[in-house]
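Here my numbering runs 24 ahead of the position in the sequence shown, where the first position is 1.
Every residue gets a Cβ at the ideal spot worked out from N, C-alpha and C, and that includes glycine.
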Amino acid sequence: MARAGLVAGNWKMHGNLIRNQELLASIVSGTQSLQNVSCAVCVPYPYLAQAQLVLGGTHVEWGGQNVSQHHQGAYTGEISAGMLADFGCRYVIVGHSERRTLYGEGNKVVAEKFCSAQERLLVPILCVGETLAQREANDTEQVIAMQLDAVIDFAGIDAIRQSVIAYEPVWAIGTGKTATPQQAQDVHAFIRNRIASHNDEIAADIQIIYGGSVKADNASELFAMADIDGGLIGGASLVASEFISICFAAQG
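Quick look at the structure:
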């Protein structure tokens, strides 16, 4: 990969203090020699302090899994970008398919969250992707274009420069199914070309990572594709040996 790689773990709603300590320490020690690849973990909110304590001063970065579009106010249960920044977060996931489908977050809300994150100097990992029904209807590109354009139209193309795009085919998350490397590459290329229609330089530089059931045994083949710059890793990020292997696969 011409661009530096990024492998980010999305723990989702998993973890406890004891297991987290062991997992984080293992990731730090196991990725010491990693080159040209950034490594990060996006942990549940209650464990941000632990992540900051264990990972602070190391090469491993951390982030949140979601963020409010509001900076403060009467929004019970919400977490602002400023709060994430207080715990040293670099990244935050926005628009994950589970947020879109389970909690009804539409493209406008995702765009607002994207901007809210950037206003507090967080790097949003913007998730885009299609369902199985949409893929079977040959609507993949239309769906992804709408999701991407909503953010570009709201935030401006320059904002995309300070972000990461994650392509996550919804049909390949937690199902055991994985897009073939060529299927994934085709969509990554579409995303990069869509951005290039606004700005060639941003398109060439932006990290576009893949988020569909990446595991140690398929990571190398996926990451060998020209437009796949790493991965947003779900279940495999909870197993230190798997996650470490995936990180090294991103070195190329």
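Inset, instruction - Sort Glu-165, Gln-93, Asp-241, Asn-162 by Cα distance to Gly-130 and report the nearest one. - result: Stepping through the sequence shown from its first residue, residue 130 is reached at position 106. It is Gln-93.
Legend entry - Closest residue to Asp-182 among Ala-161, Gln-142, Phe-247 (Cα-Cα distance): The residue labelled residue 182 in the question sits at position 158 within the sequence shown. The option with the nearest alpha carbon to Asp-182 is Gln-142.
Inset, instruction - Please look up how many angstroms separate the CB atoms of Val-116 and Val-152, rounded, as I've assumed it's under 8 Å. - result: Numbered from its first residue, the sequence shown carries residue 116 at position 92. Numbered from its first residue, the sequence shown carries residue 152 at position 128. The Cβ separation is near 16 Å, so there is no contact.
Legend entry - Glu-154 (DSSP reduced to helix, strand or coil): As a position in the sequence shown, residue 154 is number 130, starting the count at 1. Looking at Glu-154 - three-state DSSP - the assignment turns out to be coil, as it is neither helix nor strand.
Inset, instruction - Can you tell me which of the three DSSP states Ala-274 falls into? - result: As a first step, residue 274 must be located in the sequence shown, where it is residue number 250. In this structure, Ala-274 counts as coil in the three-state DSSP scheme.
Legend entry - Span of the beta strand (DSSP E) around Asn-217: One-based indexing of the sequence shown puts residue 217 at position 193. Where Asn-217 is concerned, there is no enclosing beta strand (DSSP E), although the alpha helix (DSSP H) it sits in stretches over 205 to 220.
Inset, instruction - Return yes when the Cβ of Val-84 is within less than 8 Å of the Cβ of Cys-66, no when it is not. - result: Position 42 of the sequence shown, counted from the first residue, corresponds to residue 66. Position 60 of the sequence shown, counted from the first residue, corresponds to residue 84. The answer is no: Cβ separation not under 8 Å.
Legend entry - Selected residue, minimal CA-CA separation from Gln-207, among Pro-193, Thr-199, Ala-220, Ile-197: Numbered from 1 along the sequence shown, position 183 holds the residue referred to as residue 207. If we check each option's Cα against that of Gln-207, Pro-193 comes out closest.
Legend entry - Boundaries (first-last residue) of the alpha helix (DSSP H) holding Gly-106: Position 82 of the sequence shown, counting from 1, holds the residue named residue 106. Segment 105 to 110, the alpha helix (DSSP H) holding Gly-106.
Inset, instruction - Would you check if the segment 232 to 243 and the segment 255 to 274 touch, i.e. whether three or more CB-CB distances between them fall below 8 Å? - result: yes
Inset, instruction - Taking 8 Å as the cut-off, decide whether the C-beta atoms of Lys-15 and Ala-174 are in contact. - result: Because the chain in this structure spans residues 25 to 276, residue 15 falls outside the shown range and cannot be described.
Legend entry - Residue span of the alpha helix (DSSP H) that contains Ile-51, given as start and end: The count along the sequence shown starts at 1 and reaches residue 51 at position 27. Ile-51 -> alpha helix (DSSP H) spans 41 to 54.
Inset, instruction - Could you check if Asp-224 is buried or exposed, using at least 16 other CB atoms within 10 Å of its CB as the buried criterion? - result: Taking the first residue of the sequence shown as position 1, residue 224 is located at position 200. So Asp-224 counts as exposed.
Legend entry - Terminal residues of the alpha helix (DSSP H) in which Asn-90 lies: Here residue 90 refers to the residue found at position 66 when the sequence shown is read from its first residue. Looking at the DSSP string, Asn-90 is not in any alpha helix (DSSP H), and its letter there is neither H nor E.
Legend entry - For Leu-108 and Pro-68, the rounded distance between their alpha carbons: What you label residue 68 is simply residue 44 of the sequence shown in a count that begins at 1. What you label residue 108 is simply residue 84 of the sequence shown in a count that begins at 1. Near 11 Å, if we compare the C-alpha coordinates of Leu-108 and Pro-68.
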